[in-house]
Amino acid sequence: MVKRVYTVVVGGGPAGLAAAIAFYDAGGTDVVVVERDQHLGGILQQCIHNGFGLQWFKEELTGPEYAQRFIDEVEKRKIPCETGTMVLDMREREDGTKSVYCLSPRYGVLEYQCRHIILAMGCRERVRGNIKIPGTRPAGIYSAGLAQRLVNLEGMMPGHEIVILGSGDIGLIMARRMHWEGAHVKMVCELMPYSSGLPRNITQCLEDNHIPLRLSTTVVEIHGKDRLEGVTIAAVDENKKPIDATREYVPCDTLLLSVGLIPENELSKTLCIAMDPVTGGPVVSEYRETSVSGVFACGNVLHVHDIVDFVSTESTIAGRAAARGGKPLASVPIQAAYPVRYTVPQRCSLSEPFTIYWRSAYPLENGTVVLKINGQTVLKQKFLRVVPAQMQELFITEKHLETLRGYELSDAQISLEVEL
Amino acid sequence: MKYDILIIGGGVTGAAIARALSRYSLSVTLLEAREDLARGASGANSGIVHAGYDPKPGSLMARYNVKGCAMYPALCHLLDVPYRNTGSLMLAFSKEQMQLLEKLYRRGRQNGVPNLEILGAESLRRKEPAASGEALGALYAPTAGVVSPYEMTIALAENAAENGVTVRLSEAVTAITPRQDGFSVQTTKGELTAAVLINCAGARAGQMSRMAGAEEIPMQLRRGEYTLYDRDLGHLVKHVIFQTPDANGKGVLVTPTAEGNLLLGPSSEVLEEENTASTQPGQDFIYRLGKKSCPQLPAGGAITSFAGIRAVSGSDFVIGPSKIQPRLIQVAGICLPGLTSAPAIAEDVCDMALAYFPQAALKPDWKAERKAAPCVREASWEEREALCAEDPDYGKIVCRCETVTEGQIRRALRSPVPVYTIDGVKRRCRAGMGRCQGSFCTPRVMQIIAEEAGIPLEAVRKAGPGTEIAQGALKAKGGTAW
Numbered sequence: 001m002v003k004r005v006y007t008v009v010v011g012g013g014p015a016g017l018a019a020a021i022a023f024y025d026a027g028g029t030d031v032v033v034v035e036r037d038q039h040l041g042g043i044l045q046q047c048i049h050n051g052f053g054l055q056w057f058k059e060e061l062t063g064p065e066y067a068q069r070f071i072d073e074v075e076k077r078k079i080p081c082e083t084g085t086m087v088l089d090m091r092e093r094e095d096g097t098k099s100v101y102c103l104s105p106r107y108g109v110l111e112y113q114c115r116h117i118i119l120a121m122g123c124r125e126r127v128r129g130n131i132k133i134p135g136t137r138p139a140g141i142y143s144a145g146l147a148q149r150l151v152n153l154e155g156m157m158p159g160h161e162i163v164i165l166g167s168g169d170i171g172l173i174m175a176r177r178m179h180w181e182g183a184h185v186k187m188v189c190e191l192m193p194y195s196s197g198l199p200r201n202i203t204q205c206l207e208d209n210h211i212p213l214r215l216s217t218t219v220v221e222i223h224g225k226d227r228l229e230g231v232t233i234a235a236v237d238e239n240k241k242p243i244d245a246t247r248e249y250v251p252c253d254t255l256l257l258s259v260g261l262i263p264e265n266e267l268s269k270t271l272c273i274a275m276d277p278v279t280g281g282p283v284v285s286e287y288r289e290t291s292v293s294g295v296f297a298c299g300n301v302l303h304v305h306d307i308v309d310f311v312s313t314e315s316t317i318a319g320r321a322a323a324r325g326g327k328p329l330a331s332v333p334i335q336a337a338y339p340v341r342y343t344v345p346q347r348c349s350l351s352e353p354f355t356i357y358w359r360s361a362y363p364l365e366n367g368t369v370v371l372k373i374n375g376q377t378v379l380k381q382k383f384l385r386v387v388p389a390q391m392q393e394l395f396i397t398e399k400h401l402e403t404l405r406g407y408e409l410s411d412a413q414i415s416l417e418v419e420l
Numbered sequence: 421m422k423y424d425i426l427i428i429g430g431g432v433t434g435a436a437i438a439r440a441l442s443r444y445s446l447s448v449t450l451l452e453a454r455e456d457l458a459r460g461a462s463g464a465n466s467g468i469v470h471a472g473y474d475p476k477p478g479s480l481m482a483r484y485n486v487k488g489c490a491m492y493p494a495l496c497h498l499l500d501v502p503y504r505n506t507g508s509l510m511l512a513f514s515k516e517q518m519q520l521l522e523k524l525y526r527r528g529r530q531n532g533v534p535n536l537e538i539l540g541a542e543s544l545r546r547k548e549p550a551a552s553g554e555a556l557g558a559l560y561a562p563t564a565g566v567v568s569p570y571e572m573t574i575a576l577a578e579n580a581a582e583n584g585v586t587v588r589l590s591e592a593v594t595a596i597t598p599r600q601d602g603f604s605v606q607t608t609k610g611e612l613t614a615a616v617l618i619n620c621a622g623a624r625a626g627q628m629s630r631m632a633g634a635e636e637i638p639m640q641l642r643r644g645e646y647t648l649y650d651r652d653l654g655h656l657v658k659h660v661i662f663q664t665p666d667a668n669g670k671g672v673l674v675t676p677t678a679e680g681n682l683l684l685g686p687s688s689e690v691l692e693e694e695n696t697a698s699t700q701p702g703q704d705f706i707y708r709l710g711k712k713s714c715p716q717l718p719a720g721g722a723i724t725s726f727a728g729i730r731a732v733s734g735s736d737f738v739i740g741p742s743k744i745q746p747r748l749i750q751v752a753g754i755c756l757p758g759l760t761s762a763p764a765i766a767e768d769v770c771d772m773a774l775a776y777f778p779q780a781a782l783k784p785d786w787k788a789e790r791k792a793a794p795c796v797r798e799a800s801w802e803e804r805e806a807l808c809a810e811d812p813d814y815g816k817i818v819c820r821c822e823t824v825t826e827g828q829i830r831r832a833l834r835s836p837v838p839v840y841t842i843d844g845v846k847r848r849c850r851a852g853m854g855r856c857q858g859s860f861c862t863p864r865v866m867q868i869i870a871e872e873a874g875i876p877l878e879a880v881r882k883a884g885p886g887t888e889i890a891q892g893a894l895k896a897k898g899g900t901a902w
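Chain order of the listed sequences is F and X. My numbering applies: residue 1 is where the first sequence begins, and numbers increase by one. My numbering applies: residue 421 is where the second sequence begins, and numbers increase by one.
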């Protein structure tokens, strides 16, 4: 079946829903949200803990509550959503129109012919194979997200004696969740000398429950034939190489892996969109438009966010921009100078005020973040402490734009640097 | 139960023999100790269909390898198994290795391997741009290819089952008593008798032979480790790329798999007992050597690593009736090139067994073909449309990484040899085989298995007993609060 629409939003999680609402509210009509799951809400469906919405709604919500508010708004606007439908391929024609090919039990093969696409497919977790932990391959090794789904949606216990590798937020949340369900969470190991989770989660999930956090420690071997019987952990040196003398056997029946998230861009690649190797997501302008005109990206498919409120903000930008349509503006790249690990957007057109989001490569203290154009400082902002887990914001106002516009765009070099 | 023939072992050789015997009016049973087929060497190997220049001329290995290689394309077509005739390249990095290639070229000619060719550096680069610039040349074998070894095993067994062979899983042999007219076999589930026993027990073939009162088969176990890469990297190389064996070992291979991933391995390590754990030194070793053949091999991109056990008995296969117990046919030490040889071995072993059944006739209704569940990922849009029209379950994607639908999973669970486990589903239709390794689809696959098998969700296993995914329900579940 072929349907014609103006905009297709790929993904009905927090990013896709916010983008569709913003698109509609900015006067856009004829948008459809395509969601592979049976239900809208994406990963928030299984995030039953609270702490969502403090920025966006100024109140504390659970994941499903946060998602439901957006689902309600979508329904209020009668924005069509095709659930149980998965996009398998996308094509761009010479005239700039696009086709989005989906598979669904209801329609079979469904092709949307459209002008704009908003990519909001989210991310996936890194797995054991990605980090190559040697050993046997027993049952009892789960990504933290899979364990979360088993507990929160299916009502099942993944195991009882638990070791968690990786102190990302999902790992921390799951440590507390398993503890509350009566499991013995023996420890959370973290390869880095600092946690990659939010400080509030370290306190509330680990410290409050007396769960030890072992920094600069990793799992070096997995034991057990049928079910996991234990893991060998070891401290790592400054090059993250395990130190043999520190090897320690920890009996456990469950290993949860929270070792990073990867934006899920296999579909984006079908459109040959330029990617940022650091974020794992597309390169975008301040309007979240990718290198392919009319294709926007927002949420975790663009870069991994620490809180969903930022996803909503970002997706609103993408939705509005898609509604405005028109030709993309000429843009200049923003160079992230180490220890600035990346910026989003990676390009900007300097047409109106916008925010640069950035992350550091490692924890920084008492420094200044500096925006420069051709070596000249445009904007300086002091900070006390910046950690990789927390995304930073830098507001580019009309005043800064004036300075920036004084340069010829074609040979301007904008960079974001840190002075310590 | 009384059978004409009992095959012990559900690896690729056992399954191929079962299929060969299924043509005849005989009662045949295949016993497998594990919960699924291809759980030993057949499930964890390189998946290469070797051309056959490596084995010593005159050996069983040489004969079966060359014959088996020639059988593969048609057989895989009949059985609907992924097979790609990629051709292989054996790289030489020194003058000595170039000389060895000459020797292998001559040996290949002697073994009857068709169309072998020695390539110079430049032709090698044209044929395989990803091969190392350090390579001086290569031995090109156009008949080599890649196959999914576990899918091959499953397809052979399913076809055998469709043609009347009984396939019994999770049933291990515990004792064998020779009788006048055959054997009485004690298993973990009961007792059965058979006029002829075929020993395809892989790593446990020596043990079976001993139990049956036949000769000792000296066995050595070798572990080979592998790394499997994302299908993003499946196009890095176009051919199976070997290294020329030298005093340091046989080298490792880099190859596209039949299903589009990139595979690196194996290491080779002698073990005292079966152990399929991967190791840090093993993984480092294969990466280092793989990088030598293919410098573009990236540090990232691996999705899983695994190890397989090969049972080696001396320098050749052990195939034929036991000298002490002639009604026991030994098919042991089927190490490399066992996968390639299996279909050819099966034909000969079938003839050996038939010697005891002069009355056996060809079945008029024997089906040579077997259809796999449709592969939605590989299907065209028109085919997908037709599949969905036939059954909307083919429109429900369960495994997003490998584009596997609910229809495929249900079909696999209703096959002639159904295996109600997460790994069983994974081997049959690739749900969970992709880059997220089942992180997203496991709960849904569990639900489908529970429905099809009529078991509670908590009872769904990854593989054999003791591998349940969930360890019971939440304590609060069933209480009032929930």
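Here a beta-carbon is modelled for each residue, glycine too, at the ideal position from N, C-alpha and C.
Short of 8 angstroms from the beta carbon of methionine 631 of chain X, and not among the five residues preceding or following it, lie these beta carbons of its own chain, in chain order: Val593, Ala595 and Ile596. In this structure, the CA atom of cysteine 205 of chain F is about 6 angstroms from the CA atom of leucine 172 of chain F. Around the CB of lysine 186 of chain F, 16 or more other CB atoms lie within 10 Å, so the residue is classed as buried. Under DSSP, lysine 382 of chain F takes part in a beta bridge, and its partners are F/Thr368. Cα atoms of valine 501 of chain X and valine 5 of chain F: separation of roughly 40 angstroms, rounded to the nearest angstrom. Close to threonine 270 of chain F, with beta-carbon spacing below 9 angstroms, lies no residue of chain X; the smallest spacing is near 13 angstroms.
Residue pairing for asparagine 209 of chain F: DSSP places it in no beta bridge.
By the C-beta density criterion, proline 242 of chain F is buried, having at least 16 other C-beta atoms within 10 angstroms.
The Cβ-Cβ distance between leucine 257 of chain F and alanine 330 of chain F does not fall below 8 angstroms. Taking isoleucine 162 of chain F as the centre and dropping the five residues before and after it, the same chain places the C-beta of Met178, Ala183, His184, Val185, Lys186, Cys252, Thr254 and Leu256 closer than 7 angstroms to its C-beta, in chain order. Cβ-Cβ distances below 7 angstroms link glutamate 455 of chain X to Leu589, Ser590, Val839, Thr841, Ala883 and Gly884 in the same chain, with the five nearest sequence neighbours on each side left out; the list follows chain order. Annotation: Cβ neighbours of alanine 722 of chain X in chain F (cutoff 7 angstroms, chain order): Gly129, Asn130 and Lys132. Residue pairing from DSSP places asparagine 619 of chain X in a beta bridge opposite X/Ile428 and X/Gln750.
Contact between glycine 122 of chain F and glycine 13 of chain F holds: CB atoms are separated by about 5 angstroms, below the 8 angstroms threshold. At a cut-off of 8 angstroms, the C-beta of arginine 831 of chain X has no neighbouring C-beta in chain F. The beta carbon of tryptophan 56 of chain F sits closer than 6 angstroms to the beta carbons of Asp309 and Ser312 from its chain, once the five residues preceding and following it are set aside; these are given in chain order. Contact annotation for valine 151 of chain F against chain X: Leu894 [CB-CB distance below 8 angstroms, chain order]. Taking a Cβ-Cβ threshold of 7 angstroms, the residues of chain X close to histidine 160 of chain F are Gln891, in chain order. For the 8 angstroms CB-CB criterion, arginine 834 of chain X and isoleucine 868 of chain X do not form a contact.
When the beta-carbon positions are compared, cysteine 620 of chain X and valine 674 of chain X stay at least 8 angstroms from each other. Taking all protein chains in view, the Cβ of isoleucine 744 of chain X is surrounded by fewer than 16 other Cβ atoms within 10 Å, so the residue is classified as exposed.
Contact with chain F is found for glutamate 805 of chain X, since one of that chain's Cβ atoms lies less than 8 angstroms from the residue's Cβ. Each residue's CA atom was taken as its position, placing methionine 772 of chain X and proline 741 of chain X some 8 angstroms apart. Interface annotation for the region 103 to 114 of chain F against chain X: Leu103, Ser104, Pro105, Arg106, Tyr107, Gly108 and Val109, criterion Cβ-Cβ distance under 8 angstroms. Annotated three-state conformation of threonine 316 of chain F is helix, per DSSP. Using a Cβ distance threshold of 8 angstroms, proline 676 of chain X and valine 657 of chain X count as a contacting pair.
For lysine 3 of chain F, the enclosing beta strand (DSSP E) begins and ends at 2 to 4. By the Cβ neighbour-count rule, cysteine 272 of chain F is exposed, with fewer than 16 other Cβ atoms within 10 Å of its own.
Contact of alanine 625 of chain X with chain F by beta-carbon distance below 7 angstroms is absent, the smallest such distance being about 21 angstroms. Per the Cβ contact rule, the region 854 to 870 of chain X is in contact with the region 816 to 827 of chain X (3 or more Cβ pairs under 8 angstroms). In this structure, proline 263 of chain F keeps its C-beta atom at 8 angstroms or more from the C-beta atom of valine 220 of chain F. Taking the beta carbon of aspartate 226 of chain F as reference, the chain X residues within 8 angstroms of it are Ala883, Gly884, Pro885, Gly886 and Thr887, listed in sequence order. When secondary structure is reduced to three states using DSSP, serine 604 of chain X falls in the strand class. A contact is defined here as three or more CB-CB pairs under 8 angstroms, and the region 458 to 473 of chain X fails this definition with respect to the region 792 to 806 of chain X.
By the neighbour-count definition (other C-beta atoms within 10 Å, threshold 16), proline 763 of chain X is a buried residue. In the DSSP annotation of this structure, cysteine 770 of chain X is not part of any beta strand (DSSP E); the continuous alpha helix (DSSP H) holding it starts and ends at 758 to 774.
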